[in-house]
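For the record, the sequence lines run as chains A and B.
Quick note on my numbering: the first sequence kicks off at 209 and runs consecutively.
Quick note on my numbering: the second sequence kicks off at 209 and runs consecutively.
Number of protein chains: 2
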Amino acid sequence: MSDQTKERIVDAAYRALVRHGYHETSMKDIAAEAGVAPGLAHYYFETKEDLLVAAIEHGCQPALEAWERVGLRPTGELSEDADPMALARLGFEMAKQELRQYGDLFRLTFDMFGVGIHSPKIAAAVRQFIDERRAFIARITKGVIAGMLRRPDSSADAIAAAIWGSLHGIYLQKVVDPDFDADAAIDALSEMVFAFATQPRIHAPAGN
Amino acid sequence: MSDQTKERIVDAAYRALVRHGYHETSMKDIAAEAGVAPGLAHYYFETKEDLLVAAIEHGCQPALEAWERVGLRPTGELSEDADPMALARLGFEMAKQELRQYGDLFRLTFDMFGVGIHSPKIAAAVRQFIDERRAFIARITKGVIAGMLRRPDSSADAIAAAIWGSLHGIYLQKVVDPDFDADAAIDALSEMVFAFATQPRIHAPAGN
DNA sequence: GGGATTTGATTGAATGACCAAACAATAACC
DNA sequence: GGTTATTGTTTGGTCATTCAATCAAATCCC
Numbered sequence: 209m210s211d212q213t214k215e216r217i218v219d220a221a222y223r224a225l226v227r228h229g230y231h232e233t234s235m236k237d238i239a240a241e242a243g244v245a246p247g248l249a250h251y252y253f254e255t256k257e258d259l260l261v262a263a264i265e266h267g268c269q270p271a272l273e274a275w276e277r278v279g280l281r282p283t284g285e286l287s288e289d290a291d292p293m294a295l296a297r298l299g300f301e302m303a304k305q306e307l308r309q310y311g312d313l314f315r316l317t318f319d320m321f322g323v324g325i326h327s328p329k330i331a332a333a334v335r336q337f338i339d340e341r342r343a344f345i346a347r348i349t350k351g352v353i354a355g356m357l358r359r360p361d362s363s364a365d366a367i368a369a370a371i372w373g374s375l376h377g378i379y380l381q382k383v384v385d386p387d388f389d390a391d392a393a394i395d396a397l398s399e400m401v402f403a404f405a406t407q408p409r410i411h412a413p414a415g416n
Numbered sequence: 209m210s211d212q213t214k215e216r217i218v219d220a221a222y223r224a225l226v227r228h229g230y231h232e233t234s235m236k237d238i239a240a241e242a243g244v245a246p247g248l249a250h251y252y253f254e255t256k257e258d259l260l261v262a263a264i265e266h267g268c269q270p271a272l273e274a275w276e277r278v279g280l281r282p283t284g285e286l287s288e289d290a291d292p293m294a295l296a297r298l299g300f301e302m303a304k305q306e307l308r309q310y311g312d313l314f315r316l317t318f319d320m321f322g323v324g325i326h327s328p329k330i331a332a333a334v335r336q337f338i339d340e341r342r343a344f345i346a347r348i349t350k351g352v353i354a355g356m357l358r359r360p361d362s363s364a365d366a367i368a369a370a371i372w373g374s375l376h377g378i379y380l381q382k383v384v385d386p387d388f389d390a391d392a393a394i395d396a397l398s399e400m401v402f403a404f405a406t407q408p409r410i411h412a413p414a415g416n
C-alpha cells in the first residue's frame, strides 16, 4: 500500500507542478490532488524540494522510455554496429516528436532550471538531467567524427554542448511561444550539423 | 528627485534579484537594499512583477551598450556595407565576452524564464527579449545566405532560431556549471555554422 | 515677497492570507 | 501489541499589498 501511496503523491505532485509551477504549488495542493491528508506528503518526503526532484524524475520516465523504444538509450552504451550518422538523424526526429508529445515535461523543466539557480538540491538534479542528455549526444558525435574526412577543430564534447544547447533553446522558444515552429528550427540545426559532418577534406576558407 | 528614487529602487531590485532570485526576494528586501521605506516600491510599481520587468530591462542596458560599442545594434538595422560573414564572426566573439562579463544578467534571465512560464506579464517580457536577439541573428543570417553558393533548405528565421537556441543553451550550461567550457562550445557552434555557410555548391550526400 | 494651499513623495505599521514543516492523535496492519 | 501509515491541526513565520499619516516642495494669492 505504502509504495502505491507514495507513487500517487509523486504523480499528483507532477500534475500539480505542471499546472501551476513550483512556487505556486503548495504541499497542501499536492496532497489534495493526491486525495490525501496534508501532512502525508511530509511523511514520505522530508522537504518540498525532495518531492519536486522525485516528481521530475517521475515525469521524465515516459520520455526516456520513448527513446529506448526506438533503440536509443540515453543512459547506456551505443550499439557497436549502428551507423552514427543514422543515429544522429533518428535523434533529431525523436527530438521533434519529444517536444510535441512531452511539452508539459519541458515546461516543468524550465521552471526547475529557474528554481535550481538558487537551490543546490535542485541544481544537482538539473545538472544530472543536462549531463545525461549531453553525454548521449557526445557519444553519437564521437561516432560521427570518426567517419569525417576532415577532423574538426572542436572536441566532440564541445560540439555536443552546442547541439544540446540548441535543442534546449529551441524547446524554450516553443514553450514561450506556442506558435513557434520548432520543427523548422530543429531541421535547420540538423541541416547545419550534417553540412558540417559531410564537409569535403579541403574546404576553401570564406571571403576574408 | 522622484526619477532618481525610482531608478534607485529599480537598481536595488536588480541587485537583490541577482543575489537571491525572484521568489526569494521580497519587496521589503528590495526597499531595504534601496535604503527606502517598504511601502515606496509599491508607490512606483503596482506589483512586484512590474518591478521585476523594469529591473530586467535595466539590467540589460549595459549588455546592449556593449553590442553597440562594437558596431552591432541588436535592435536596429544592419549597416549596408558590412560583410555578413565578418559580422557573424564578431557576433560569436561578442557572445563569448558577454557571457564572461554579464553572467549575473543571464542567471537572472533564466530565473525569469521560469517565472514567465506561469506569469503572463513576465512571459511577455521574456518573449520580447528572445525576439529581439533572435531577429538580430536572423538579419545577419539573411546576409550570409545571400552570399552562399548553395541555398540552404531552411529559412533564415529557422536557422536563427537554432543559433539563438544554441547560444542560450550554452549560457544555461555555464550558469548551471561554472566549470563548463562555454568558449569551446561557442567555438564549436561557430565551426558548424561556418562549415554550413561555406559549403561548396555540390556536396556529396553522406554515407547512406 | 510671504503666508496659505495644493501636490506629490515617503513613511512605517497593519492587514489578510498563505505556507512548509512539526506534531499529536488515530487507524490499519501484521 | 507494536510498528507503520495516515490524519488533521498547530506553529511560527513570511509575504505582497494597503493605507493613513508625515513631509517637502512647488504653486497660488494677496
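Yeah, the Cβ is synthetic: ideal placement off N, Cα and C, and Gly gets one too.
Three-state secondary structure assigned by DSSP to residue i
i	result
proline 408 of chain A	coil
lysine 304 of chain B	helix
alanine 290 of chain A	coil
threonine 255 of chain B	coil
valine 244 of chain B	coil
valine 323 of chain A	helix
arginine 342 of chain B	helix
glycine 415 of chain B	Any reading at glycine 415 of chain B must be qualified, since the residue scores a pLDDT of 44, below 50, and its modelled position is unreliable; the value itself is stated next. If DSSP states are grouped into helix, strand and coil, glycine 415 of chain B belongs with coil.
valine 419 of chain A	No statement about residue 419 of chain A is possible, as the shown extent of chain A runs from 209 to 416 and does not include it.
glutamate 265 of chain A	helix
methionine 356 of chain A	coil
methionine 209 of chain B	At methionine 209 of chain B, the pLDDT of 47 sits below 50, so the modelled position is not reliable; the number obtained from the coordinates is stated separately. If DSSP states are grouped into helix, strand and coil, methionine 209 of chain B belongs with coil.
leucine 280 of chain B	coil
phenylalanine 318 of chain A	helix
aspartate 395 of chain B	helix
aspartate 365 of chain A	helix
proline 328 of chain A	helix
Sequence-distant residues of the same chain with beta carbon closer than 7 Å to residue i, five excluded per side
i	result
glycine 267 of chain B	Tyr222, Leu313 and Leu316
proline 282 of chain B	Leu272, Trp275, Glu340, Arg341 and Phe344
phenylalanine 402 of chain A	none
glycine 229 of chain B	Asp319
glutamate 257 of chain B	Ser327, Lys329 and Ile330
glutamine 336 of chain A	none
alanine 224 of chain A	Thr233, Asp237, Ile238 and Glu241
Cβ distance (whole Å) where residue i is taken to contact residue j below 8 Å
i	j	result
valine 218 of chain B	lysine 329 of chain B	Not confirmed; about 16 Å, so no contact.
leucine 357 of chain B	proline 408 of chain B	6 Å
histidine 326 of chain A	glutamate 265 of chain B	The pair is not a contact, with the Cβ atoms about 22 Å apart (cut-off 8 Å).
isoleucine 419 of chain A	leucine 295 of chain A	Residue numbering for chain A in the displayed model covers 209 to 416; residue 419 of chain A lies beyond these limits and cannot be assessed.
glutamate 241 of chain B	alanine 220 of chain B	4 Å
Sequence-distant residues of the same chain with beta carbon closer than 8 Å to residue i, five excluded per side
i	result
methionine 302 of chain A	Ala274, Trp275, Val278 and Leu280
histidine 411 of chain B	A caution first: histidine 411 of chain B carries a pLDDT of 48, below 50, which makes its placement in the model too unreliable to give a value.
6 Å CB neighbourhood of residue i in its chain, flanking five on each side removed
i	result
lysine 429 of chain B	Given a span of 209 to 416 for chain B in the structure shown, any question on residue 429 of chain B remains unanswerable.
alanine 346 of chain A	Ala364, Asp365 and Ala368
tyrosine 310 of chain A	Ala271
Residue i Cβ short of 7 Å to the ligand PLP heavy atom set
i	result
tryptophan 275 of chain A	Ligands are entirely absent from the displayed structure, and the ligand PLP is therefore not among its contents.
Subject >> the region 269–278 of chain A in contact with the region 246–256 of chain A per 3-pair CB rule at 8 Å >> reply: no
Subject >> Cβ contact (3+ pairs, closer than 8 Å) linking the region 359–370 of chain B and the region 389–401 of chain A >> reply: yes
Original post:
Touch check for the region 316–326 of chain B and the region 345–358 of chain A: three-plus C-beta pairs under 8 Å?
Top reply: no
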